[in-house]
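Data block below; observations after.
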Amino acid sequence: MIELVDITKEFSSSKNEPILGVDNVSLTVNRGEIFGIVGYSGAGKSTLLRCMNILERPTTGVVKVDGVDLLQLSSKQLREARQSIGMIFQGFHLVASKTVFENVAFALKAAGVKKEEIKTRVEELLEIVGLKDRIYQYPAQLSGGQKQRVSIARALANNPSVLLCDEATSALDPSTTKSILALLKRINKEFGLTIVIITHEMEVVKDICHRCAVMQDGRIVEQGNTYDIFSNPSDPLTKKFIDTVLSFDLPSRLLQTTTGKLLQLHFWGEIAAEGVVSDMLQSHKVKGNILHGKVEYIQDVPLGIFIMDLNGAEEEVNQAIEYLRERVSKVEVLQHEQSD
Amino acid sequence: MSSLIEILPELNIAFFETLLMVGIALLVAIVFGLPFGIILYVTDRGLFLENRWIKGVVGVLINLVRSIPFIILLVFLLPFTNFLLGTTIGPLAASVSLSVAAIPFYARIVESSAREIDKGVIEAAIAVGASPWMIIKHIILPEAKPGLIAGLTITAISLIGYSAMAGTIGGGGIGDLAIRYGYYRYDNTVMFTTVILLIVLVQAVQYFGDFLAKSVNKR
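Sequences listed follow chains A and B, in order.
If you're matching positions, the first sequence starts at 48 in our numbering and goes up one per residue.
If you're matching positions, the second sequence starts at 898 in our numbering and goes up one per residue.
And the structure:
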């Protein structure tokens, strides 16, 4: 659906050489999927997103949306193409002097929709985002979440095939974030809309992205299925991001009192954690003690991680670890770290 | 006191002459200054009609007029006024130079109030595929409206001051009256009356402008 090939974006700086915002990025977003791009601020993710509707014109590269090469279009054709690429922003960017109705109607007017049709369409859109009762209020009278709903309605006005979200939930509190994400997910399902989300919150990716990419210094350092990324991150930066959602901090006092081997067990997908562990404990002469554990649901698929302390004769412990290796997704033997 | 009653009819005429001069100049400022200000804004770097040439030419032209002190501009424009109206005397003639001064004055105010608009709002409009004209008409003008009205108030008050200068070279109006009676005839009563009249006029304009600006502000 969206195809970026060798995208580079340079920003001219007042002195010396230009700054590279995006460095030779190629990326494909499939039709109907929710794709997340994660990175710290300054990683170039926002610039990359803005290249997808040419709000930022890439220095080199090809941008294709729905098969159309956006960089080859005249400015009038580009305006038409943009009507099928919705975009929402961190700061909502609503017109303060216009009512909710007028804000949404503007997008329709821009596309040349007839006046009679505008009213029904706006009502329809506000129904979708759940704000029909606010139709004649001004943005200043709305909460952050409501403003974002209006901007989603505006973005959806001309039945776009793509929705670009630039840190759309970063200015919202956690529960509002959840509700906006749920709305995006619903829109994705109901209308088959392709959604690209830029965020620095791994929670957002975990909740709704089918696939994701991690960006650093203008480059994509890792990309793949969200589940695979979460269960088996390879890049250190990705690990750091995953840690924000799936981190295990064991109290140092606890670490000092454990005597056996510390294991981290991963359960990917539908493996019943307790079953395997209790079988292991019955068939081996070891004592196990679960110190920490968590099951996260990523795209509704469970990802379980448990940390356990295994005590017993070394031979038995090693056999128990082998036994586990054959049955669980991943076993890591953690070092006893000196508490600092 | 008797002198005051004596000049009351003249004061009345002068008052309306001032209103006429300022009114015409304000109208011209809106008709020409507003578009120039918008052009200055939208052709600026990073905006959707970025154009260094147009921005440069319009900018220089505006600075040119603005750098001439009004009293000099008045004299300088006399041949032009004569060409336009066939006379250089009277409030209509004075409104020519007032208008010429008002255009760049208001254009700069329009430009700076447009700059106050959140760039993101304009970006969002570009992202939905709106044309430059639609963005100007439906985003920039409504969003800048409180600033545009406040700017018009400032322009009007400046013009009232300028109109007094225009009065000295035969433009008429309150300023002319003050000079003729107050300065040439040492008639302090008329002088004070005109000053009070000007104060009241300026206060009224300011109050009305503030009220209007506030009522269109939806922030």
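Using N, Cα and C, we set each Cβ at its ideal position, and we do this for glycine too.
Task: For residue 914(B), the first and last residue of its enclosing alpha helix (DSSP H) - done: Note, residue 914(B): alpha helix (DSSP H), 899-925.
Open item on the list: I want to see whether chain B comes within less than 8 Å of residue 138(A), judged by CB atoms only; does it?
Closed with: At least one C-beta of chain B is nearer than 8 Å to the C-beta of residue 138(A).
Task: Cβ-based neighbour list, residue 1083(B), same chain, cut-off 7 Å, excluding 5 preceding and 5 following - done: Same-chain partners within the cutoff: there are none.
Task: Closest by C-alpha distance to residue 1057(B), when choosing among 1031(B), 1028(B), 1095(B) - done: Measuring from the Cα of residue 1057(B), the nearest candidate turns out to be 1095(B).
Open item on the list: Please classify residue 1085(B) as buried or exposed, where buried requires at least 16 other C-beta atoms within 10 Å of its C-beta.
Closed with: An exposed status is given to residue 1085(B), since fewer than 16 other beta-carbon atoms sit within 10 Å of its beta-carbon.
Open item on the list: On the DSSP bridge list, what partners appear for residue 364(A)?
Closed with: BP columns for residue 364(A) are empty, so no partner.
Open item on the list: With a threshold of 8 Å between beta carbons, is residue 72(A) in contact with chain B?
Closed with: With 8 Å as the cut-off, residue 72(A) does not count as an interface residue toward chain B.
- [ ] Output the distance between the C-alpha atoms of residue 855(B) and residue 918(B), rounded to the nearest integer angstrom.
- [x] Given a span of 898 to 1116 for chain B in the structure shown, any question on residue 855(B) remains unanswerable.
Open item on the list: At the level of alpha carbons, what is the spacing between residue 247(A) and residue 928(B)?
Closed with: A direct Cα-Cα distance of roughly 48 Å separates residue 247(A) from residue 928(B).
- [ ] Report back the beta-carbon spacing between residue 118(A) and residue 112(A) to the nearest angstrom; my notes put them in contact at under 8 Å.
- [x] With a beta-carbon spacing of about 11 Å, residue 118(A) and residue 112(A) fall beyond the 8 Å limit used to define contacts.
Open item on the list: Within 8 Å, do at least three Cβ pairs link the region 139-159 of chain A to the region 219-232 of chain A?
Closed with: The region 219-232 of chain A vs the region 139-159 of chain A: no contact.
Open item on the list: Applying the 10 Å Cβ sphere with the 16-neighbour rule, what's the burial state of residue 138(A)?
Closed with: Buried.
TODO: Note down, in chain order, each residue of its chain lying with its Cβ closer than 6 Å to the Cβ of residue 916(B), except the 5 sequence neighbours on either side.
DONE: Excluding sequence neighbours, residue 916(B) sits near nothing in its chain.
- [ ] Could you list which residues in chain B have their beta carbon closer than 8 Å to that of residue 129(A), in chain order?
- [x] Result: 1023, 1024, 1025, 1026.
TODO: Go ahead and pull the three-state DSSP assignment for residue 292(A).
DONE: In the structure shown, residue 292(A) sits in coil (DSSP, three-state: anything other than H, G, I, E or B).
Open item on the list: Tell me which residue opens and which closes the beta strand (DSSP E) that residue 341(A) is part of.
Closed with: Secondary structure note for residue 341(A): its beta strand (DSSP E) is the uninterrupted segment 334-345.
Open item on the list: Using a Cβ distance threshold of 8 Å, determine whether the region 1011-1023 of chain B contacts the region 946-959 of chain B, with at least three qualifying pairs required.
Closed with: By the Cβ criterion, the region 1011-1023 of chain B is not in contact with the region 946-959 of chain B, since fewer than three pairs of Cβ atoms, one from each stretch, lie closer than 8 Å.
Task: Chain-ordered chain B contacts of residue 144(A) [CB-CB under 7 Å] - done: 1039, 1040, 1042, 1115, listed in chain order.
Open item on the list: Please classify residue 188(A) as buried or exposed, where buried requires at least 16 neighbouring CB atoms within 10 angstroms.
Closed with: With a 10 Å radius around the Cβ and a threshold of 16 neighbouring Cβ atoms, residue 188(A) comes out exposed.
Task: Buried versus exposed, by CB contacts within 10 Å (16 or more), residue 924(B) - done: The residue in question, residue 924(B), is exposed, as its Cβ has fewer than 16 Cβ neighbours within 10 Å.
Task: DSSP state of residue 389(A) mapped onto helix, strand, coil - done: Past the boundaries of the shown model lies residue 389(A); chain A is included only from 48 to 387, so the question cannot be answered.
Task: Spatial distance of residue 108(A) from residue 1041(B) (CA atoms) - done: Pairing residue 108(A) with residue 1041(B), the inter-Cα distance amounts to about 37 Å.
- [ ] Assign residue 384(A) to one of two classes, buried (16 or more other C-beta atoms within 10 Å of its C-beta) or exposed (fewer than that).
- [x] With a pLDDT of only 48 at residue 384(A), under the threshold of 50, the placement of this residue in the model should not be trusted; the figure read from the coordinates follows. A residue is called buried once 16 or more other Cβ atoms fall within 10 Å of its Cβ, and residue 384(A), having fewer, is exposed.
TODO: Establish whether the CB of residue 1084(B) and some CB of chain A are separated by less than 8 Å.
DONE: Taking CB atoms only, residue 1084(B) has no neighbour in chain A less than 8 Å away.
- [ ] May I have the straight-line CA-CA distance separating residue 272(A) from residue 958(B), to the nearest angstrom?
- [x] Distance between the alpha carbons of residue 272(A) and residue 958(B): 59 Å.
Open item on the list: If we define contact as Cβ-Cβ less than 8 Å, is residue 100(A) a contact residue for chain B?
Closed with: Closer than 8 Å: yes.
Open item on the list: Does the CB of residue 1020(B) have a neighbour CB from chain A at under 8 Å?
Closed with: Yes, contact with chain A.
Task: Selected residue, minimal CA-CA separation from residue 242(A), among 211(A), 51(A), 216(A), 255(A) - done: For residue 242(A), the nearest C-alpha among the options comes from 211(A).
- [ ] Along the beta strand (DSSP E) that carries residue 180(A), what are the first and last residues, could you check?
- [x] First-last for residue 180(A): undefined, no H or E at that position.
TODO: Compare the C-alpha of residue 313(A) against each of 339(A), 267(A), 234(A) and name the closest.
DONE: Comparing Cα positions, the closest option is 339(A).
- [ ] Give me the Cα-Cα distance between residue 68(A) and residue 960(B), rounded to the nearest whole angstrom.
- [x] Each residue's Cα considered, the two are about 37 Å apart.
Task: Between the CA atoms of residue 1035(B) and residue 1014(B) - distance to the nearest angstrom - done: Going by the C-alpha atoms only, they are around 13 Å apart.
Task: Residues near residue 252(A) in its chain [Cβ-Cβ closer than 7 Å; skip 5 each side] - done: Scanning its chain for C-beta atoms nearer than 7 Å, with the 5 sequence neighbours on each side dropped, one finds around residue 252(A) the residues 83, 85, 246, 259, 273, in chain order.
Open item on the list: Using a Cβ distance threshold of 8 Å, determine whether the region 964-974 of chain B contacts the region 992-1011 of chain B, with at least three qualifying pairs required.
Closed with: Touching, yes, given that three or more Cβ pairs across the two stretches are closer than 8 Å.
Open item on the list: List, from N- to C-terminal side, the beta strand (DSSP E) runs of 3 residues or more that fit wholly inside the region 985-1015 of chain B.
Closed with: You should have found no qualifying run.
Task: residue 269(A): first and last residue of the uninterrupted beta strand (DSSP E) it sits in - done: Segment 266-272, the beta strand (DSSP E) holding residue 269(A).
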